[in-house]
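The end of the sequence shown is residue 1185 by my numbering, with every number in the run present.
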Amino acid sequence: MIHVKAMKSIVSVMFFVVCSLFVCDANAASRIKDIADFEGIRDNQLVGYGLVVGLNGTGDNIKSVDFTRESLISMLDKIGINARGGQIKSKNIAAVMVTANLPPFSRQGSRIDVMVSALGDAKNLQGGTLLVTPLVGADGAVYAVAQGQIAVGAMAARGANQSVSKGVPTSGRIPSGAIIENEIPFELESLKTITIALRNPDFTTARRVSDAVNAMLGTVAAKAIDPATVELDIPAKYRGKVVDLMTKVEQLQIQPDQMAKVVIDESSGIVVIGKEVKINRLAIAQGNLTIKITEVPLVSQPLPFTNGETFATTTTLIDVDEDKDAKLTVLDTGISLQDLVDGLNSLGVTPRDLISILQAIKASGALQAEIEVI
């Protein structure tokens, strides 16, 4: 019979080997928490409408912005001031939209940051103070109340004939500017199943995540149900200790699989080539036809003592450059990303030329990758 200690050693070695199969090189691997989200643990967006006061004549023009005027009158009514019959000409007030993200498991009384953005024709929110503004969620319920001094990370100055600005002075931030009034209930410890949602859906990555989790638990508890979702049935020993389980799961490292893809932004000329991109053997020639036309103005004058007229004329010079130095380059089958870039650089291609070349290679069937144009 095998000794108990020897048996434990064999099991430990086998477990280490199994883990090594699914947890790749640490230098290239990523933690599960960096590539996936846990369903139910997310931010919730809040929004509200409010007034900013204390501006130095850079607020809304109340005569032309009706909602600012009505909001101001309504606010004054609530504190017992009747301003409906008077003429309001203040330019120190601005209507704003207030936005914030409510983090998961936020508790009543804690604070969150808010963003303030001008809604009317205000020129600058610097020095303004946001008055009490309820922030509501998608369900219409109030979850936080915002108020405070606005910090504007921009600058604007105007003179009689010239103005200068840096950044966007019509938006600002209030650090810890909102107090949470209501909590979003979520009973984490009562969960029986954890859903792991991959940020970049992929069959191979989903399978690697489930295998890594099962190797860590020593049982088949996780399964990939589609390219974006891995379901984890909470083992009995972790019932009531979901936080401990999620801490271990999110620290597992795997190697996310990467599709062979070329991303092109034609508007800005940006080209991003994935490392798995391969091409078959082919020859590439790149050359441009450049035609340069130059107009040289001239003045024609008659000979002395003649009845001729002086008039202006132009001489046209046309220069045609067919880029005769362009060379034909042969690229072998299955070359790597570095070889592809080196080969195209040897032709002296620009990013714009590279876009056309890659699209032509794809059309020829030699590019073993997907081209995505954004």
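In this text, a Cβ means the ideal position worked out from N, Cα and C, and glycines have one as well. This one's a predicted model, so the numbers in the text were calculated from it and none came from an experiment.
Review point. Excluding sequence positions up to five away, which residues of its chain have a Cβ less than 8 Å from the Cβ of Val1053?
Key: These residues qualify, in order along the chain: Leu999, Glu1000, Leu1002, Ile1005, Ile1045.
Check your understanding: To which residues does DSSP link Val943 through a beta bridge?
Key -> Looking at the DSSP assignment, Val943 forms no beta bridge with any residue, so it has no partner.
Review point. Taking C-alpha atoms, which residue in Phe1014, Leu942, Gly948, Ser901 lies nearest to Gly959?
Key: If you compare the alpha carbons of Phe1014, Leu942, Gly948, Ser901 with that of Gly959, the shortest gap goes to Leu942.
Review point. Pairing CB atoms from the stretch 1027-1047 with CB atoms from the stretch 861-868, are three or more of them under 8 Å?
Key: Segments in contact, no.
Practice item. Determine, using beta carbons only, whether Glu992 and Arg918 come nearer to each other than 8 Å. Key: Against a cut-off of 8 Å, the Cβ pair of Arg918 and Glu992 comes out as no contact.
**Study point:** Same chain, Cβ closer than 7 Å to Ala837, five either side skipped, listed in chain order
**Key:** In this prediction, Ala837 scores a pLDDT of 43, lower than 50, which makes its location untrustworthy; the coordinate-derived value is nonetheless stated afterwards. For Ala837, same chain residues with a beta-carbon under 7 Å away, outside a window of 5 residues either side, are Gln1064 in chain order.
Check your understanding: In terms of residue numbering, what span does the alpha helix (DSSP H) encompassing Asp854 cover?
Key -> Taken as a continuous stretch (DSSP letters only), Asp854 belongs to no alpha helix (DSSP H), as it is neither H nor E.
Check your understanding: Where do the ends of the beta strand (DSSP E) carrying Ile1172 lie?
Key -> Residue range 1162-1175 is occupied by the alpha helix (DSSP H) that includes Ile1172, with no beta strand (DSSP E) assigned at that position.
Point to revise | Given Asp1037 as reference, the closest of Leu1056, Gly1051, Asp1013, Gly1176 once Cα atoms are compared | key: When the alpha-carbon of Asp1037 is set against those of Leu1056, Gly1051, Asp1013, Gly1176, the nearest one is in Asp1013.
Point to revise | N-terminal and C-terminal residue of the alpha helix (DSSP H) that Leu883 is part of | key: Run containing Leu883: 877-889, per the alpha helix (DSSP H) assignment.
Exercise for review: Along the alpha helix (DSSP H) that carries Arg1019, what are the first and last residues, could you check?
Suggested key: According to the DSSP assignment, Arg1019 belongs to the alpha helix (DSSP H) that extends over 1014-1028.
Exercise for review: Would you mind working out which of Arg922, Lys1072, Val1083, Val1110 sits nearest Lys1089, comparing C-alpha positions?
Suggested key: Here the closest residue by C-alpha is Lys1072.
Point to revise | Spatially closest choice to Asp1164 from Val1082, Leu930, Val1074, Thr1124, by CA coordinates | key: Distance from the Cα of Asp1164 is smallest, within the candidate group Val1082, Leu930, Val1074, Thr1124, for Val1082.
Review point. Who does Asn912 pair with in a DSSP beta bridge?
Key: DSSP output for Asn912 lists Gln856 as bridge partner(s).
Exercise for review: Evaluate the contact criterion for the stretch 1015-1033 versus the stretch 980-990: three or more CB pairs, one atom per stretch, below 8 Å.
Suggested key: The count of Cβ pairs closer than 8 Å, one atom from the stretch 1015-1033 and one from the stretch 980-990, stays below three, leaving the stretches out of contact.
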